[in-house]
Amino acid sequence: TCPTCRGTGQRVEEYCGTCGGRGLNQKTKQIKVTIPPGVEPGNKLRVRGEGDAGPNGGPAGDLYIFLNVKDDPTFRREGPEIYSDATISYLDAITGASVKTPVVD
1 TCPTCRGTGQ RVEEYCGTCG GRGLNQKTKQ IKVTIPPGVE PGNKLRVRGE GDAGPNGGPA
61 GDLYIFLNVK DDPTFRREGP EIYSDATISY LDAITGASVK TPVVD
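Read in UniProt numbering, the sequence shown has 32 at position 32, and its numbers run on one by one without any break.
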């Protein structure tokens, strides 16, 4: 590969000094991403047009976000089902009782 044009076939007459001759300036920004309901660990979201800039002024690629879901101290998931544990006394277990338990609202 040619060290002057780095294989692009174009010669830069004057370097700007901010991009290191790559033709791109690296910036970071924050975007708002909506997480759909029911995601599971390992799911990925694609955000179109928010990836790296395309070569030679082409369109930007896509950003992929891989999701990790934290364990919840109150609920656990098994597939699409949500479980909550309740501790009851032996007497309540054999005679029946009403208990309050948290639910997902």
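All C-beta atoms, glycine included, are put in the ideal place defined by N, C-alpha and C. Note that the structure is predicted; figures quoted are calculated from it, not measured.
Contact with chain C by residue i, beta-carbon distance below 8 angstroms
i      : result
Val-39 : This model lacks chain C altogether; it includes just one protein chain.
Three-state secondary structure assigned by DSSP to residue i
i      : result
Leu-45 : strand
Ala-93 : helix
Beta-carbon proximity check, residue i vs residue j, cutoff 8 angstroms
i           : j       : result
Val-69      : Pro-102 : no
Leu-63      : Gly-51  : yes
residue 112 : Phe-66  : Since the first residue shown for the chain is 1 and the last is 105, residue 112 is missing from the structure and cannot be characterised.
Opening and closing residue of the beta strand (DSSP E) in which residue i lies
i      : result
Ile-65 : 63 to 66
Ile-82 : 81 to 84
Glu-40 : No beta strand (DSSP E) contains Glu-40, which DSSP labels as neither H nor E.
Arg-77 : 75 to 78
Residues near residue i in its chain [Cβ-Cβ closer than 7 angstroms; skip 5 each side]
i      : result
Arg-19 : For clarity, residue 19 is Cys in the given sequence; the question names Arg instead. Excluding residues within five positions, the ones whose Cβ falls inside 7 angstroms are Asn-25.
Other residues of its chain near residue i: CB distance less than 8 angstroms, five sequence neighbours each side excluded
i      : result
Ile-82 : Phe-75, Arg-76, Val-104
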